[in-house]
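Worksheet: the structure to be examined is printed underneath.
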Amino acid sequence: MSKINIKYGLLLTRIIVVTLVLIWIWTPEFLMWHVNLKTPSIEIITQSRLSPSKNVLTELNRMDLKPPSNPLDDSQIIRFADKALNGILSIPGFDDIAVSPIFDASDLSRGSAKQQLIFASLITVDYLLEAYRITNQDKFYIAAYKSIQAFCNFESSRFLDIGFLWNDHAIAARIPVLIKFWSFYRDRDDFEVTLARQLFELIIRSGHLLAKPEHYSWRTGHGIIQNIGLLQISVAFPFLLESEHFRNVAIQRLSEHLPYYVNEEGVTLLHSAEYNYGGVRLFSMVMRLYTLNGLSIPEKWWEKYHKAVNFYDTLRRPDGTLPMFGDTRSIADWLGPPKTFQLEDSAAGPLRREDNKSDRAGLSLYPEAGYAIWWYPPDQSINSQLKSQLVATWSYFPGLGHKLADELSILIWANERNWITNVGYWPYGHPLRLKVESWEGSNAPHLIDENKSSTRTAKSTKFAANDEFFYLEMIRNGPENFSVRREVMQIEKNIWIVLDKFNDSIQRNTRTNWTFSPDLIVRKRDGANSFMVSDTQKNQSISAIIRTSSDNEANILSGSIDPFAGWVVIDETPMPANTIAVHSNSENGWQLAIFILHDNAHLPNIVNPTVSFSNTNHIDQWQIDISNNCEINFLLDRTKEQIHLIKKNKSNSSEFMINFTDIPYPRDEISAINQLVQSAYEKSTRRVPLISYRTKVSYLLLVLFVFQEFCLLLIRKYFLAITYYRVQVAALLFWMGMGFWLMEYYLVAGK
Numbered sequence: 089m090s091k092i093n094i095k096y097g098l099l100l101t102r103i104i105v106v107t108l109v110l111i112w113i114w115t116p117e118f119l120m121w122h123v124n125l126k127t128p129s130i131e132i133i134t135q136s137r138l139s140p141s142k143n144v145l146t147e148l149n150r151m152d153l154k155p156p157s158n159p160l161d162d163s164q165i166i167r168f169a170d171k172a173l174n175g176i177l178s179i180p181g182f183d184d185i186a187v188s189p190i191f192d193a194s195d196l197s198r199g200s201a202k203q204q205l206i207f208a209s210l211i212t213v214d215y216l217l218e219a220y221r222i223t224n225q226d227k228f229y230i231a232a233y234k235s236i237q238a239f240c241n242f243e244s245s246r247f248l249d250i251g252f253l254w255n256d257h258a259i260a261a262r263i264p265v266l267i268k269f270w271s272f273y274r275d276r277d278d279f280e281v282t283l284a285r286q287l288f289e290l291i292i293r294s295g296h297l298l299a300k301p302e303h304y305s306w307r308t309g310h311g312i313i314q315n316i317g318l319l320q321i322s323v324a325f326p327f328l329l330e331s332e333h334f335r336n337v338a339i340q341r342l343s344e345h346l347p348y349y350v351n352e353e354g355v356t357l358l359h360s361a362e363y364n365y366g367g368v369r370l371f372s373m374v375m376r377l378y379t380l381n382g383l384s385i386p387e388k389w390w391e392k393y394h395k396a397v398n399f400y401d402t403l404r405r406p407d408g409t410l411p412m413f414g415d416t417r418s419i420a421d422w423l424g425p426p427k428t429f430q431l432e433d434s435a436a437g438p439l440r441r442e443d444n445k446s447d448r449a450g451l452s453l454y455p456e457a458g459y460a461i462w463w464y465p466p467d468q469s470i471n472s473q474l475k476s477q478l479v480a481t482w483s484y485f486p487g488l489g490h491k492l493a494d495e496l497s498i499l500i501w502a503n504e505r506n507w508i509t510n511v512g513y514w515p516y517g518h519p520l521r522l523k524v525e526s527w528e529g530s531n532a533p534h535l536i537d538e539n540k541s542s543t544r545t546a547k548s549t550k551f552a553a554n555d556e557f558f559y560l561e562m563i564r565n566g567p568e569n570f571s572v573r574r575e576v577m578q579i580e581k582n583i584w585i586v587l588d589k590f591n592d593s594i595q596r597n598t599r600t601n602w603t604f605s606p607d608l609i610v611r612k613r614d615g616a617n618s619f620m621v622s623d624t625q626k627n628q629s630i631s632a633i634i635r636t637s638s639d640n641e642a643n644i645l646s647g648s649i650d651p652f653a654g655w656v657v658i659d660e661t662p663m664p665a666n667t668i669a670v671h672s673n674s675e676n677g678w679q680l681a682i683f684i685l686h687d688n689a690h691l692p693n694i695v696n697p698t699v700s701f702s703n704t705n706h707i708d709q710w711q712i713d714i715s716n717n718c719e720i721n722f723l724l725d726r727t728k729e730q731i732h733l734i735k736k737n738k739s740n741s742s743e744f745m746i747n748f749t750d751i752p753y754p755r756d757e758i759s760a761i762n763q764l765v766q767s768a769y770e771k772s773t774r775r776v777p778l779i780s781y782r783t784k785v786s787y788l789l790l791v792l793f794v795f796q797e798f799c800l801l802l803i804r805k806y807f808l809a810i811t812y813y814r815v816q817v818a819a820l821l822f823w824m825g826m827g828f829w830l831m832e833y834y835l836v837a838g839k
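Under the numbering used here, the first residue of the sequence shown is numbered 89, with each subsequent residue one higher.
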């Protein structure tokens, strides 16, 4: 009898240990989503029906936190709302998808990752409420009411996340939609306390999730969005007991996050042109929400804000597009982001959209952030049709988000169109996204197979500029002993010269991918490494001439996966694009690329230019001769301190010498930013959901437990009892060790 008791006692012990290990695995996930929720009283709900004013609620719900897009006009909103009533979700830039007319949890998993995020942000409810505002038709309001009710019921029933339900961006983006619904619902005759309480509980739970340290996205603008959501709640629902806590959390976070989100030059440090749109948009909201919360705005914030607006306006082209470095989409934004303005006592005025025309003239240099923007001609009075933009980037702040490996890449816009570009905003979740994040997605010179996170630094060192000429020198050091110096030049509006010189302790292979917009046709011409890049619709072309130290043949790639090259994302869709792939040696090698934009009138008679490059072994001395015996005849002679440019044509010649200006390396400023980022990392307790991992591990452990019990039966039958008991003890120790290893080393969510 005692043996039987021991036998079953040990079995029960094993079951308890395995159960405890499973609880150990899942408890952090449950705690991550758990909040202590207090049901709001009738008095709080009643007070909230009276204050704040309808105008304030309207202003708050117009602070849209969904991924940015061009504003929809009334007819588009009504059309999209009608589609929603018929079970079709329309999002600009995406294919329509079928959803339930009233919110259903199954719809959270439909479409791409970005569509799921936008759907979880309650975009269908937003469409319906906007259509109700425009038309005053109850069919839109009733559908919105039922969807809100269904969403409240589903969300409150969850213990674990599913899809983008509790994604930090989705939670924050829902806040303005819920405020919009409340602004209508609180004044209606069919108002019911039951739904109001459900709505308030949803808002309070959302605020707690946004305020949880485990959820704070300190690396990106998502953290700023979370703080905006908290400030919106505190303005829209001032009588909630939690509002003061939400406001204080947002204030504390913003004081730490803003200094490395937008630097003192006014640049949003997320390595992408489009996130400077977001920088202005979110910064504007923060400023206005401070005023609505009765908080004073530091004067330094206004200085930084005006610089942020200026940087964005300088990046933005006359056609509304942005240079596609980093995670930047191809679409044009016609009005720019909503902006605020300074009132008395440093308060911020209501947001408004207006097309602030940038000077778009000459050189704008941002050594700390890592950008240079050259607008030709420097005379800002020149018609925008005659302007060109050259952008160079060497920005890299390890730890901050949206970084694509692209240091020293350039982007060229001229004749009112994009010519040389990078790949742009490749959709997250796509199997090739990791390729895009590495060097192949840009025209940055790099080692073949170089890791996107390779240890490296980059900086700009010299520039020169006058009315007809621009020069910029950039240097990248690392990984290991590899370095590259890129010299970028523009002569007048139509000639760009890029010279790369490599240095390395061993001989390795380098690659540079010159990618053109997908609508451009690239074909080889007579002569080694000579190409014609044509816009057939507008009847204009660029001659591209490539020279290398090793005389390697440059290849045209389009839609290539291995090697990855020849892609540009248009809207949300990766499109094949012609790319000239150039290879060279890393040990004392060089590459020269020349791009010449031709006048439309001369297209039928374009003569392929000849190019000679001499003094190739000198780091800071060389000569480049470009000539086609027609309208193009240039000689550039560089010395250590200056460039001598001689221009000849049939009737006359001109020349000038221009001295270099050194660009001091902003070591202290960059170090301060990196220290702030490191401090944020060390203080962060952010955890990402590991539900799928925990599920797989749980199933694996259950299978392992069943297999263990089968083995114990065999041991008990065929071996001595002492062996059987020793194995059981070893099994118990194994499970405890396994639980410790899983929780301390394997199931560790990143920051």
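Here a beta-carbon is modelled for each residue, glycine too, at the ideal position from N, C-alpha and C.
Model, not experiment: these values are computed from the prediction.
Could you tell me whether the Cβ atoms of residue i and residue j are closer together than 7 Å?
i	j	result
residue 423	residue 361	no
residue 452	residue 464	no
residue 456	residue 353	yes
residue 341	residue 381	no
residue 460	residue 586	no
residue 564	residue 495	yes
residue 523	residue 359	no
residue 308	residue 458	no
residue 657	residue 513	yes
residue 660	residue 592	no
residue 413	residue 351	no
From the DSSP output, read off the bridge partner residues of residue i.
i	result
residue 733	724, 744
residue 220	Residue 220 pairs with nothing; no bridge assigned.
residue 602	668
residue 464	476
residue 534	599
residue 440	427
residue 561	550, 575
residue 283	Looking at the DSSP assignment, residue 283 forms no beta bridge with any residue, so it has no partner.
Would you tell me roughly how many angstroms separate the C-alpha atoms of residue i and residue j, rounded to the nearest one?
i	j	result
residue 795	residue 801	10 Å
residue 227	residue 370	33 Å
residue 191	residue 232	9 Å
residue 839	residue 487	10 Å
residue 837	residue 249	15 Å
residue 786	residue 110	7 Å
residue 180	residue 161	12 Å
residue 113	residue 831	7 Å
residue 357	residue 107	46 Å
residue 539	residue 493	9 Å
residue 506	residue 683	13 Å
residue 589	residue 671	12 Å
residue 293	residue 123	7 Å
residue 454	residue 757	12 Å
residue 402	residue 450	10 Å
residue 431	residue 474	37 Å
residue 866	residue 479	Within the shown structure, residues of the chain are numbered from 89 to 839, placing residue 866 beyond reach of any answer.
residue 577	residue 584	6 Å
residue 638	residue 662	33 Å
If I measure Cβ to Cβ from residue i and keep anything under 7 Å in the same chain, skipping five residues before and after, which residues do I get?
i	result
residue 152	264
residue 428	372, 375, 376, 436, 437, 439
residue 730	745, 746, 747, 748
For residue i, which residues in the same chain have their Cβ closer than 6 Å to its Cβ, ignoring the five residues on either side in sequence?
i	result
residue 97	none
residue 827	109, 112
residue 137	274
residue 238	190, 191
So, does the CB of residue i fall closer than 7 Å to a CB anywhere in chain D?
i	result
residue 655	The displayed structure is made up of one protein chain only, and chain D is not part of it.
*Count the CB pairs spanning the region 734-754 and the region 541-558 that are closer than 8 Å, and state whether there are at least three.*
The region 734-754 is in contact with the region 541-558.
_Any contact between the region 567-579 and the region 660-669? By contact I mean 3 or more CB pairs, one from each, below 8 Å._
With the cut-off at 8 Å, the region 567-579 and the region 660-669 do not touch.
_I want to know whether the region 597-604 touches the region 526-539 - three or more CB-CB distances under 8 Å._
yes
*Take every Cβ of the region 261-276, pair it with every Cβ of the region 143-159, and state whether three or more of those distances are shorter than 8 Å.*
The region 261-276 vs the region 143-159: in contact.
_Does the region 322-338 come into contact with the region 387-398, if we say contact requires no fewer than three beta-carbon pairs (one atom in each stretch) closer than 8 Å?_
no
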